[in-house]
Amino acid sequence: MNLLERMKRAFSTMSSWKPEEIKQTLLNLDVSLEEVTAFLRDPAGKPYARKVLYQDDHVEVIVMNWSALACAPHDHGQSAGWIQVLSGRTKQTIYRVENDSLPEPLFTETQNKGSCFFAPVRGVHQMAQEGGEPLITLHLYSPPIRGMKVYDLEACAACIVSTDCGAWWPDDQKQKVKEIQLKKKRT
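The numbering of the sequence shown is the working numbering, which starts it at 35 and goes up by one.
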């Protein structure tokens with residue numbers, strides 16, 4: 035059975051989409067780098083290129099091939115999920131966001147090949163390739179991402195992006211569902 039068939043079987047038989055249960059399903063799939071290689075695309079000047087491998091009403095699985103560019107700080111809308119590092123190493127910065135204020139970095143951590151880490155609902159983070167080895171990640175979100183908010187820290191703004199945009203400020207105006215002016219936090 036190939037990877038896509040295994041995903042369909044695993045996710046279509048689930049009765050609960052709680053974070054720990056979807057993580058266990060992801061780990062049980064035991065996805066290898068070799069299985070996703072055919073789905074990898076060139077990032078073409080963006081932080082990453084992504085390919086949705088599986089999606090239903092409850093979950094979506096995406097493989098990402100990263101460039102040397104960091105993605106913008108972003109959340110995942112009303113979705114929670116897990117990110118598994120299949121190749122390379124990623125540097126992740128976690129942010130705190132209060133109301134309509136500019137996100138503030140809390141801490142930065144490194145996740146190595148084999149790591150599987152949580153992305154909570156409305157949690158804001160930024161990722162980038164760390165080191166010389168290509169970064170390939172597998173993302174599992176429940177429900178599928180809708181209403182992702184991307185932050186532009188220099189412009190002190192955020193926008194809700196369409197589902198065909200990644201974690202970067204959209205070049206195409208059609209990918210901006212809503213733009214939000216943020217407040218700088220007073221010191």
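Think of the CB as a built atom: it goes at the ideal place given N, C-alpha and C, for glycine as much as any other residue.
Keep in mind that this is a model prediction, so the values were computed, not measured.
query, result
"Extent of the continuous beta strand (DSSP E) to which K183 belongs", "K183 to D186"
"Backbone CA spacing between L63 and C190 [nearest angstrom]", "40 Å"
"Rounded separation between K212 and E54 - CA only", "32 Å"
"E127 vs P139 beta-carbon contact at 7 Å", "First, the amino acid is wrong: residue 127 is Thr here, not Glu. Result yes, Cβ atoms of T127 and P139 sit closer than 7 Å."
"Span of the beta strand (DSSP E), counted from its first residue to its last, around A192", "A191 to V195"
"Check whether Q160 and P81 have beta carbons under 7 Å apart", "no"
"Rounded straight-line distance, which links the Cα of F45 to that of W51", "9 Å"
"Q58, enclosing alpha helix (DSSP H) - first and last residue", "P53 to L63"
"Buried versus exposed call for I214 [16 or more other C-beta atoms within 10 Å across all chains shown]", "exposed"
"Cβ shell of G165 (< 8 Å), same chain only, five flanking positions each side left out", "G122 and R123"
"Buried or exposed by the 16-neighbour rule on C-beta atoms within 10 Å, applied to V158", "buried"
"Contact the region 83 to 94 vs the region 144 to 156: 3+ CB pairs below 8 Å", "no"
"Cβ-Cβ distance between Q209 and S196 below 7 Å", "yes"
"T47, DSSP secondary structure in three states", "coil"
"Which of helix, strand or coil DSSP assigns to R180", "coil"
"R40 - DSSP class collapsed to helix/strand/coil", "helix"
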